[in-house]
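Visitor:
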Amino acid sequence: MAEATTEENPFGEFPHRIVDPKGDGLTRIGSVNVNGIRAAHRKGMGEWLASREIDILALQEVRADGATLTKLVQDMTESTGKTWHIHEHEAAQKGRAGVAILSTQAPVATRTGIGEGHPEDDGRWIEADYELGDGSTLTVVSVYVHSGEVGTEKQDHKMRFLQYMLDYLPQLAQRVDHVLVMGDLNVGHTELDIKNWKGNRKNSGFLPEERAYFDQYFGEAGYVDVARSLAGEVEGPYTWWSYRGKAFDNDTGWRIDYQMATPALAELASNAKVDRALDYSLRWSDHAPLMVDYRLP
1 MAEATTEENP FGEFPHRIVD PKGDGLTRIG SVNVNGIRAA HRKGMGEWLA
51 SREIDILALQ EVRADGATLT KLVQDMTEST GKTWHIHEHE AAQKGRAGVA
101 ILSTQAPVAT RTGIGEGHPE DDGRWIEADY ELGDGSTLTV VSVYVHSGEV
151 GTEKQDHKMR FLQYMLDYLP QLAQRVDHVL VMGDLNVGHT ELDIKNWKGN
201 RKNSGFLPEE RAYFDQYFGE AGYVDVARSL AGEVEGPYTW WSYRGKAFDN
251 DTGWRIDYQM ATPALAELAS NAKVDRALDY SLRWSDHAPL MVDYRLP
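Per the UniProt record's numbering, the sequence shown starts with residue 1, numbered consecutively.
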């Protein structure tokens with residue numbers, strides 16, 4: 001997927017670029033936890049972003065105010081000549097969480113927040129509505145679920161947020177024509193989603209009670225796990241690897257970043273890709289972007 005290498009640089013002249021031409025009439029939609037937009041920008045996110053022909057991009061763990069995000073996005077995309085519309089929700093606690101939606105098409109409406117307005121839920125859920133060519137509406141969501149920790153208040157926050165989602169997702173699907181929920185959901189749904197699933201059965205991120213919510217999201221709530229639907233019953237592809245040890249080198253990862261679509265929208269999806277860095281040294285986040293092309297009406 002990367003450009004040809006050179007003798008001077010084994011990863012090529014543009015090591016962060018991805019070569020994956022977008023087909024005619026397709027809309028490319030992606031999601032990534034940037035693990036701090038300032039650090040991601042510094043480490044090479046801009047080279048990736050400028051090469052990917054993206055139409056809509058959901059970000060999580062932005063950890064910056066709106067002005068900083070806007071400046072960095074403009075810097076990263078200046079070479080494309082595109083104008084980006086930015087909808088963001090900063091967390092109440094500075095330097096924590098934060099979600100955003102970037103798009104080359106202006107949204108017709110935006111909304112912020114989910115649940116009961118608890119401070120720990122700030123910067124974790126935003127929505128943007130887009131008018132499609134046939135006059136229907138697509139609602140895009142960027143969500144960042146709490147990481148959690150067994151036996152702590154963090155886990156209580158996480159479980160409550162997962163319940164908020166279960167309560168709200170069916171309502172959202174009934175309200176508009178198409179819904180796409182994207183983000184770092186911090187849960188591996190099945191044993192295929194975590195390399196070392198046996199060793200994580202009692203850890204936050206793979207608890208039975210967490211995974212049961214995903215059974216419902218992809219069951220009675222009516223949503224489709226787009227990447228799993230397109231990849232089939234295979235291990236991964238993983239989207240997050242710890243910075244510790246040899247997790248990335250050994251592909252000991254977790255698939256915790258999702259695109260969840262209403263059924264009619266999921267039928268229009270193709271070309272799901274995880275933009276895994278070529279080498280540990282080239283990572284600009286501990287997550288990799290999840291990209292999908294849609295033939296929108």
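For glycine and all other residues, C-beta sits at the position ideal for the given N, C-alpha and C.
On a CA-only basis, which of E127, G148, A97 is nearest T139? Give me that one, please.
Guide: E127
Visitor: Between which two residues does the alpha helix (DSSP H) harbouring K154 extend?
Guide: 153-175
Visitor: Where does Y164 land, buried or exposed, given buried means 16+ other C-beta within 10 angstroms?
Guide: Classification of Y164: buried, given that the 10 Å Cβ count is 16 or more.
Visitor: Who are residue 314's beta bridge partners in DSSP?
Guide: In the structure as shown, the chain begins at 1 and stops at 297. Residue 314 is therefore absent and cannot be evaluated.
Visitor: For a test of the three-state rule: what should DSSP assign to T139, helix, strand or coil?
Guide: strand
Visitor: Let me check one thing: in DSSP terms, what residues is G183 bridge-paired to?
Guide: V143, Y258
Visitor: Below 8 angstroms on the Cβ atoms is my guess for R255 versus Y238; work out the distance and round it to an integer in Å.
Guide: 5 angstroms
Visitor: Rounded to whole angstroms, how far is the Cβ of R168 from the Cβ of I114, which I believe are closer than 8 angstroms?
Guide: According to the sequence provided, residue 168 is Tyr. The question's Arg does not apply to it. Rounded, the Cβ-Cβ distance is 6 angstroms, consistent with contact.
Visitor: Can you list, in chain order, the stretches of the alpha helix (DSSP H) that have 4 or more residues and sit fully within the stretch 59-124?
Guide: Counting whole runs of 4 or more residues, the stretch 59-124 contains the alpha helix (DSSP H) stretches 66-77.
Visitor: Quick one, are the C-beta atoms of G148 and G205 less than 8 angstroms apart?
Guide: Between G148 and G205, the C-beta gap is smaller than 8 angstroms, which places the two residues in contact.
Visitor: At a cut of 8 angstroms, does the stretch 116-130 reach the stretch 64-82 through at least three beta carbon pairs?
Guide: no
Visitor: Determine the extent of the alpha helix (DSSP H) in which K43 is found, giving its start and end residues.
Guide: 37-43
Visitor: Flag this pair as yes or no: are the beta carbons of L290 and A227 separated by less than 8 angstroms?
Guide: yes
Visitor: Should A288 be labelled buried (16 or more other beta-carbon atoms within 10 Å of its own) or exposed?
Guide: buried
Visitor: Looking only at its chain, what residues have a beta carbon closer than 7 angstroms to the beta carbon of S136, apart from the 5 residues adjacent to it on each side?
Guide: Closer than 7 angstroms at Cβ, skipping near neighbours: D177, H178, P297.
Visitor: Once the 5 residues before and after D293 are set aside, which same chain residues still bring their CB inside 6 angstroms of it?
Guide: L26, R28, S270, N271
Visitor: Give me the Cα-Cα distance between A50 and L57, rounded to the nearest whole angstrom.
Guide: Distance between A50 and L57, taken at the CA atoms: about 12 angstroms.
Visitor: Taking all protein chains shown into account, decide if V150 is buried (16 or more other Cβ within 10 angstroms of its Cβ) or exposed.
Guide: With fewer than 16 other Cβ atoms within 10 Å, it is exposed.
Visitor: Count the other C-beta atoms from every protein chain shown that fall within 10 angstroms of the C-beta of Y213, then say buried if there are 16 or more, exposed otherwise.
Guide: Burial call: buried.
Visitor: Answer with buried or exposed for M1, where buried requires no fewer than 16 other C-beta atoms within 10 angstroms of its C-beta.
Guide: Reliability fails at M1, whose pLDDT of 32 lies under 50, so the model's placement of it is uncertain and no value is given.
Visitor: Could you pull out every residue in the same chain whose Cβ sits closer than 8 angstroms to the Cβ of P196, ignoring the five residues on either side in sequence?
Guide: For the sequence presented, residue 196 should be read as Asn rather than Pro. Only T252 meet the Cβ criterion.
Visitor: Which same chain residues, not among the five before or five after E235, have their C-beta less than 6 angstroms away from its C-beta?
Guide: L192
Visitor: Let me know the secondary structure DSSP gives V226 once reduced to three states.
Guide: DSSP, reduced to helix, strand and coil, places V226 within a helical segment of the structure shown.
Visitor: Quick one, which of F218, D279, Q105, P119 has its alpha-carbon nearest K158's?
Guide: P119
Visitor: Quick one: is E7 buried, meaning 16 or more other Cβ sit within 10 Å of its Cβ, or exposed?
Guide: Caution is warranted here: a pLDDT of 42 is assigned to E7, below 50, making its placement in the model unreliable, and the coordinate value is therefore given only provisionally. Looking at its Cβ environment, which holds fewer than 16 other Cβ atoms inside 10 Å, E7 is exposed.
Visitor: Assuming the contact rule is C-beta atoms closer than 8 angstroms, L166 and Y217 should be a hit. Round their C-beta distance to whole Å, please.
Guide: 7 angstroms
Visitor: Whose CA, out of R38, A92, R175, L162, lies closest to the CA of L185?
Guide: The candidate whose alpha carbon is nearest that of L185 is L162.
Visitor: Do W241 and M45 have their beta-carbon atoms positioned less than 8 angstroms apart in this structure?
Guide: no
Visitor: In or out: R175 buried (at least 16 other Cβ within 10 Å) or exposed?
Guide: exposed
Visitor: Could you tell me the alpha carbon to alpha carbon distance between T70 and I86, rounded to whole angstroms?
Guide: 7 angstroms
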